[in-house]
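Chemist: Would you mind keeping the following structure in view while I ask a few things?
In my numbering, the protein residues as written are 973 to 1081.
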């Protein structure tokens, strides 16, 4: 371990010069960028969740909250897409009928 030069000031407090401290940080997993925690390991014994990619321990409540929010948003998106699909199908049917009418008029003239 590094030794530090501790300076004592006039009011007898000890000061450690921070410019000389060089902490060594070793990440658990070498991971670059932002991790979305897309692969979660469940430790049933210790009742913990851990990201398989970056190793971060995940709070179970936060994980469930986020997943339920995502599921709710997906449900809303699916519902909206189904409504849009129904509207598009109706539009398609109306356009097909309009094309048939135009073809019939053209044949009559």
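Note that beta-carbon positions come from the ideal geometry of N, C-alpha and C, so glycine has one too.
(1) Going by C-alpha to C-alpha distance, which of 1067, 1015 and 1065 sits closest to residue 1032?
(2) Take residue 1024 and list the residues in its own chain whose beta-carbon comes closer than 8 Å to its own, dropping the five residues that flank it on each side.
(3) How long is the line joining the alpha carbons of residue 1068 and residue 1007, rounded to whole angstroms?
(4) Within its chain, find whatever has a CB closer than 6 Å to the CB of residue 1079; leave out the 5 residues flanking it on each side and keep chain order.
(5) Quick one: grab the DSSP three-state call for residue 1024.
(6) Go through its chain and collect everything with a Cβ distance to residue 1028's Cβ below 6 Å, but skip five positions before and after it.
(7) Would you report the Cα separation of residue 997 and residue 1052, rounded to the nearest angstrom?
Modeler: So, from the data block:
(1) As a position in the chain shown, residue 1032 is number 60, starting the count at 1. Considering only alpha carbons, the answer is 1015.
(2) Here residue 1024 is taken as the residue at index 52 of the chain shown, counted from 1. 1011, 1012 and 1013, listed in sequence order.
(3) Translated into the one-based positions of the chain shown, residue 1068 becomes position 96. Translated into the one-based positions of the chain shown, residue 1007 becomes position 35. Near 49 Å, if we compare the C-alpha coordinates of residue 1007 and residue 1068.
(4) Taking the chain shown and counting its residues from 1, one reaches residue 1079 at position 107. Excluding residues within five positions, none has a Cβ falling inside 6 Å.
(5) The residue you call residue 1024 lines up with position 52 of the chain shown. It is coil, neither helix nor strand.
(6) In the chain shown, counting from the first residue as 1, residue 1028 sits at position 56. For residue 1028, where only same-chain residues beyond five positions count, there are no Cβ hits under 6 Å.
(7) Here residue 997 refers to the residue found at position 25 when the chain shown is read from its first residue. Here residue 1052 refers to the residue found at position 80 when the chain shown is read from its first residue. Low local confidence applies: a pLDDT of 46 at residue 997 is under 50, so the model's placement there is unreliable, and no value is given.
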